[in-house]
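So the structure is just underneath, and the comments pick up after that.
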Amino acid sequence: MSVLDDLAGGLVVSCQPLPDEPDDPMRDPYVQARVAAAVVRGGAVAVRVNGPDDVGAVRAAVDVPVIGLYKHGTEGVFITPTAAHALEVALAGADIIAIDATDRPRPDGRSFADTVRVLRERTDALVLADVSTPAEGVAAVEAGADAVATTLSGYTPASPPTDGPDLGLVARLVALLPVPVIAEGRYRGTDQIGRAFEAGAHAVVTGNAVTSPLWITRRLVPSTPRAASAPRKKE
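Residue numbers are given in the working numbering: position 121 of the sequence shown equals residue 267, and the series is strictly consecutive.
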């Protein structure tokens, strides 16, 4: 039985501080481990965690699969951009490694297939390909990915941005691929999650809507009278 079977039909929760908020109070391995323990108690079948320090702390706190990634920078290929990053996360205890599998240049000059090969040779971790288009998903599976996620839809030049999740990409990948397709990207409510499963998703990932008090509060505050009456800041 593959660790991917543990994800089937379930909710995966991404436990990460906001990437563009260096002073996010949640940016602490101990905090992320407690958040992970809480979402698992709430029913999450797996967690998605950034960086070897957080992965190690979360691995010690939960008994469900850990999807590890390593964000480096904010432009281009920044989700586990090199084989070295992938190995660090795997050695920290991740069961599945999420890697940008788009066709953009990678910082270490390797192809996605090369990175998969390195992981196969040195770890037992599975590979989750983060993609933004159907073609990228097909190429990722040909390169050896064990599963594909729609994580990068709306965040690459090949994929126009949308306000909500890309359910069309989920359905297209499910029709094209022989591996599990994981729906990720802007899933914030039960209706969206249900529609992803109707489209054939193996599992669905949600993140800030559950695990970021900063993000959640910022979305709610504008609806208050105080926010409406506050003077606008000068640009």
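For glycine and all other residues, C-beta sits at the position ideal for the given N, C-alpha and C.
Do you know how far the Cα of Pro227 is from the Cα of Val277?
-> 13 Å
Tell me the DSSP bridge mates of Gly156?
-> Ala349
Flag this pair as touching only if the stretch 324-331 and the stretch 148-160 have three or more C-beta atom pairs under 8 Å; answer yes or no.
-> yes
Enumerate, from N- to C-terminal direction, the unbroken alpha helix (DSSP H) stretches of 4 or more residues contained entirely within the stretch 171-195.
-> 175-187
Cross-strand partners of Gly340 (DSSP beta bridge) = In DSSP, Gly340 forms no bridge with anything.
On the three-state DSSP scale, how would you describe Asp151?
-> helix
Could you name the residues that DSSP lists as bridge partners for Ala295?
-> Asp276, Ile328
Specify the secondary structure class of Val212 as computed by DSSP and reduced to three states.
-> strand
Pair within 8 Å by beta-carbon distance, Asp241 and Val208 = no
Can you name the start and end residues of the beta strand (DSSP E) that Met245 belongs to?
-> Note that residue 245 is Ile in the sequence shown, not Met. Unbroken beta strand (DSSP E) run through Ile245: 242-246.
Indicate whether Arg205 and Ser160 have their beta-carbon atoms separated by less than 8 Å.
-> no
Cβ neighbours of Asn354 in the same chain (closer than 6 Å, five flanking residues each side left out) | Trp361
Is the beta carbon of Ala289 sitting closer than 8 Å to the one on Ala259?
-> yes
Once you ignore the five residues that flank Val367 on each side, which residues in its own chain have a CB closer than 7 Å to its CB?
-> Ala373
Tell me whether Glu267 is buried or exposed, calling it buried when 16 or more other Cβ atoms sit within 10 Å of its Cβ.
-> exposed
Report yes if the C-beta distance between Pro306 and Gly314 is below 8 Å; otherwise report no.
-> no
Where Thr363 sits in the DSSP three-state scheme = helix
How is Thr357 classed by DSSP in three states: helix, strand or coil?
-> helix
Check whether the Cβ atoms of Ala293 and Glu330 sit closer than 8 Å, and answer yes or no.
-> no
Those residues which DSSP pairs with Ser305 across a bridge = Thr302
Starting from Leu323 and walking both ways along the alpha helix (DSSP H), at which residues does that stretch end?
-> Run containing Leu323: none; DSSP gives neither H nor E here.
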